[in-house]
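Participant:
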Amino acid sequence: MSDSADAAGGCVTVVLALAAIAIVIYLVFLAVQAMIVCGGIYGAAIALKNYALAFRRNVRPERVPA
Amino acid sequence: MSTERSPQPAIRSYFFGKGYRDLWDTIRDSWLANVASAGALFEKAGSAWPRDHLGKLLAVLFGSAGVAVMVFGTVFFAAFSLLHVSLLGLFFLLVYLGFSLVFLLEKAYLGIKGFFTVCPACHERMPLPEYLCPQCGAVHTRLIPSSWGILNRTCQCGQRLPATFFLGRGELPSRCPECQHLLQAGHTESRKHFVPLYGGPAVGKTAFLCSAASQLLQEGPAGGFECGFLEERTAQTFAALHQDLARGRTPDKTHDTLPRAFNLEMRRLGQDPRVLYLYDPAGEVFDRSDDLVLHKFQGYLSGLLFLVDPFSLPEVRRQHGGELALLEPHLRPSRLPVEDALARFFLNLEENFELAKTAKVRVPVAVVVNKIDALALEREHEEAVAAARARANGRPATGLPPEDEGLRELLIRWGASDLVQQLEARCARLRYFACSSLGRMPDGSSDPFAGRGVLPPLWWVLGSQDPAFFGRA
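Structure (structure tokens):
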């Protein structure tokens, strides 16, 4: 009786531990995904800003030299 | 399109030059900025990674951002560049279509009007002159609707210039591209008639020119024409000649074998201005064919006044030998046989102006027998005309008016049958006129000269080519 109870307790512990690890991995995965999406948006915004600045700096009508 | 030949001292349309430089600079700058941004983010990721877990997450954030900058940056500048190029291309096309359309419209309009440019100095014929900027004097060799401007262009000095006839381009100072002679608007924007006065030395061409100009100025308003000079130089030449004639002095000998055009502008309400290009070369030009080659206006003649000095004809010299000997200093008979002068003219047209050996000159040729008032020639002329009238009885045998018929017969009687034959063989439209370019015999007195019969040949030549002058001969 005690042997089977110990075995069941051990299994529950293992399952709980695995579940905890899975949750942590999932959370890390979510965090990394969120970081990737945020990084992508941030990077895209920087790229857009870079193009806009380059456009503003370079595109202007030809003027009569002073 | 032919509107784009040579560089101009003007600001070119943005869509034909600078737009593409700007596009390239934008792409280059944005790429360099992306590389710099991505590098900075990767550096941040690199420095955050060795720290704690949060640092690792930040490293992931910065690393992703760095990759995103490169990926999206490339995608963005590819997409924006495409949009940029498309817009540039669209405007390029619109501007190209715009100036081509205006250019073709202008070309067609000027073609229908018969407007082109002829330099009165070097006789070069061209579609347009060179225009000068009124502010800085820069030379715009092709001031037409083009990539430098559809309707206007901006000179390098900032002055705005009309690029088309429709907006008053003719008001700008202009010059001949060949000889740099300054031109007037009338040298381009007018219907032109090119009429040289040909004949040997001392046939009276200069007196004829002056008398004809004088009478055009006087009689023009009666026919609805407002006449004037295009250039100050012509006005001064005329004033000097006119003064001589008014004081009973014959004009000085002409020395220029390559004459400048004597321009007269004739304006009539509701019609395009007409500009006459009258040429008075020295008669010596017929001594040597080389000089005639330079008369480029023979390539675009409107007509010809061929002056004949009857005192150069053998029979007249024989009939009036005694009187001629006495009056020679006043009459100054031409020494060059008239047939030789005419033969050189035809020969020159054959050799240099593509007139076939057997072809006829298509422009009207007026044979003008000058000095008709001298001795008894006028009476002879009147008798010959009366006889021709009587004989013709309303229907002239040669198809010529009796006045012409009488003069033609007189020329034959005076020993100029070769001349008449040559003229009739080579001229499709021919008439004979008699005139006295001085109006009286030069006798040393200071009574003014007043030409007689000088306008009818000119009116006939002009009327044969232009309805505005029709019926005035």
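Line by line, the protein sequences give chains H and C. If you read the first sequence in our numbering, its first letter stands for residue 82, the second for the next number, and so on. If you read the second sequence in our numbering, its first letter stands for residue 85, the second for the next number, and so on. For every residue, glycine included, the Cβ atom is placed at its ideal position computed from N, Cα and C.
(1) Please list the partners that PHE136/H has in chain C, where partner means a Cβ-to-Cβ separation under 9 Å.
(2) Use the C-beta contact count for PHE199/C: other C-beta atoms within 10 angstroms, 16 or more gives buried, fewer gives exposed.
(3) Kindly list, in the order they appear in chain C, the residues whose Cβ is closer than 7 Å to that of VAL113/H.
(4) Specify the secondary structure class of GLU208/C as computed by DSSP and reduced to three states.
(5) Just the chain H side, please: which residues come within less than 9 Å of TYR180/C by C-beta, in chain order?
(6) First and last residue of the alpha helix (DSSP H) that includes PRO540/C?
(7) Compare the C-alpha of LEU293/C against each of LEU362/C, THR318/C, LEU376/C and name the closest.
(8) Which residues does DSSP list as the beta-bridge partners of VAL452/C?
(9) In chain order, what residues of the same chain lie with their CB nearer than 6 Å to the CB of ASN118/C, ignoring the 5 residues before and after it?
(10) Let me know if GLN92/C comes out buried or exposed under the rule of 16 or more other beta-carbons within 10 Å of its beta-carbon.
(11) Can you confirm whether the region 245-252 of chain C touches the region 350-360 of chain C when touching is taken to mean that 3 or more C-beta pairs between the two stretches lie within less than 8 Å?
(12) What residue ranges within the region 353-404 of chain C form continuous alpha helix (DSSP H) runs of no fewer than 4 residues, ordered along the chain?
(13) Around the Cβ of GLN549/C, are there at least 16 other Cβ atoms within 10 angstroms (buried) or fewer (exposed)?
(14) Taking CB distances under 7 Å as the criterion, tell me whether ALA103/H reaches chain C.
(15) Tell me which same chain residues have a C-beta within less than 8 Å of the C-beta of HIS271/C, skipping the five on either side of it?
(16) Among the candidates ARG317/C, ALA149/C, GLU349/C, ILE456/C, whose CA atom is the shortest distance from the CA of GLU273/C?
(17) If we ignore side chains and look at the alpha-carbon of each, how far apart do ASP570/C and ALA425/C end up?
(18) Any C-beta of chain H sitting closer than 7 Å to the C-beta of ILE228/C?
(19) What is the C-beta distance between ILE117/H and SER131/C, in whole angstroms, given that I count them as a contact (C-beta under 8 Å)?
(20) Within the 7 Å Cβ cut-off, does LEU129/H reach chain C?
(21) Between ALA518/C and the rest of its own chain, which residues show a CB-CB distance below 7 Å, the 5 nearest in sequence each way excluded?
(22) Which chain C residues are close to ILE106/H, counting only those with a beta carbon under 8 Å from its beta carbon?
(23) Hey, quick one: how far does the alpha helix (DSSP H) through GLY490/C stretch, first residue to last?
Facilitator: In short, the structure shows the following:
(1) As a first step, residue 136/H is located in the first sequence; it is residue number 55 there, counting from the start. For the C-beta of PHE136/H, the chain C residues within less than 9 Å are, from N- to C-terminus, ASP106, THR110, ASP113, SER114, PHE164, HIS168.
(2) The residue given as residue 199/C occupies position 115 in the second sequence. By the 16-neighbour rule on beta-carbons within 10 angstroms, PHE199/C is buried.
(3) Residue 113/H sits at position 32 when you count from the first residue of the first sequence. Going along chain C in sequence order, the residues near VAL113/H (Cβ under 7 Å) are VAL144.
(4) Along the second sequence, read from residue 1 onward, the residue named residue 208/C stands at position 124. Correct three-state label for GLU208/C: coil.
(5) As a position in the second sequence, residue 180/C is number 96, starting the count at 1. Among the residues of chain H, none has a CB under 9 Å from the CB of TYR180/C; the nearest is roughly 17 Å distant.
(6) Translated into positions along the second sequence, residue 540/C becomes position 456. Element bounds for PRO540/C: 539-549.
(7) In the second sequence, the residue the question calls residue 293/C occupies position 209. The residue with the shortest Cα to Cα distance from LEU293/C is LEU362/C.
(8) Numbered from its first residue, the second sequence carries residue 452/C at position 368. The partner list for VAL452/C (beta bridge, DSSP) reads LEU391/C, PHE517/C.
(9) On the second sequence, residue 118/C is found 34 positions in, with the first residue counted as 1. Leaving aside the five residues that flank ASN118/C on each side, the residues in its chain whose CB is nearer than 6 Å to its CB run, in chain order, VAL153, GLY157.
(10) As a working note, residue 92/C is residue 8 in the second sequence. With a threshold of 16 other beta carbon atoms within 10 Å, GLN92/C meets it and is buried.
(11) The region 350-360 of chain C is not in contact with the region 245-252 of chain C.
(12) As far as the region 353-404 of chain C is concerned, its whole alpha helix (DSSP H) runs of at least 4 residues are 373-377, 398-403.
(13) On the second sequence, residue 549/C is found 465 positions in, with the first residue counted as 1. GLN549/C comes out buried.
(14) In the first sequence, residue 103/H corresponds to position 22, counting from 1. For ALA103/H, not one C-beta of chain C is nearer than 7 Å to its own C-beta.
(15) Position 187 of the second sequence holds residue 271/C. Closer than 8 Å at Cβ, skipping near neighbours: THR201, VAL202, CYS203, PRO204, PRO213, SER258, LEU314, ASN347, VAL359.
(16) Here residue 273/C is taken as the residue at index 189 of the second sequence, counted from 1. Minimum Cα-Cα distance from GLU273/C among the listed residues ARG317/C, ALA149/C, GLU349/C, ILE456/C corresponds to GLU349/C.
(17) The question about residue 570/C has no answer, for chain C in this structure spans 85 to 557.
(18) Start at 1 with the first residue of the second sequence, and residue 228/C comes out as number 144. By this cut-off, ILE228/C is not an interface position.
(19) Indexing the first sequence from 1 puts residue 117/H at position 36. Indexing the second sequence from 1 puts residue 131/C at position 47. Not a contact, Cβ separation roughly 19 Å.
(20) Within the first sequence, residue 129/H is the residue found at index 48, counting from 1. For LEU129/H, the closest Cβ of chain C is nearer than 7 Å.
(21) As a first step, residue 518/C is located in the second sequence; it is residue number 434 there, counting from the start. Excluding its 5 nearest sequence neighbours in each direction, ALA518/C has C-beta neighbours in its own chain below 7 Å: VAL453, ILE456, HIS465, LEU491, GLY537, listed in chain order.
(22) By 1-based counting over the first sequence, the position of residue 106/H is 25. Listed along chain C is no residue with a C-beta nearer than 8 Å to that of ILE106/H; the closest approach is about 13 Å.
(23) As a working note, residue 490/C is residue 406 in the second sequence. Counting along the chain, the alpha helix (DSSP H) containing GLY490/C begins and ends at 486-497.
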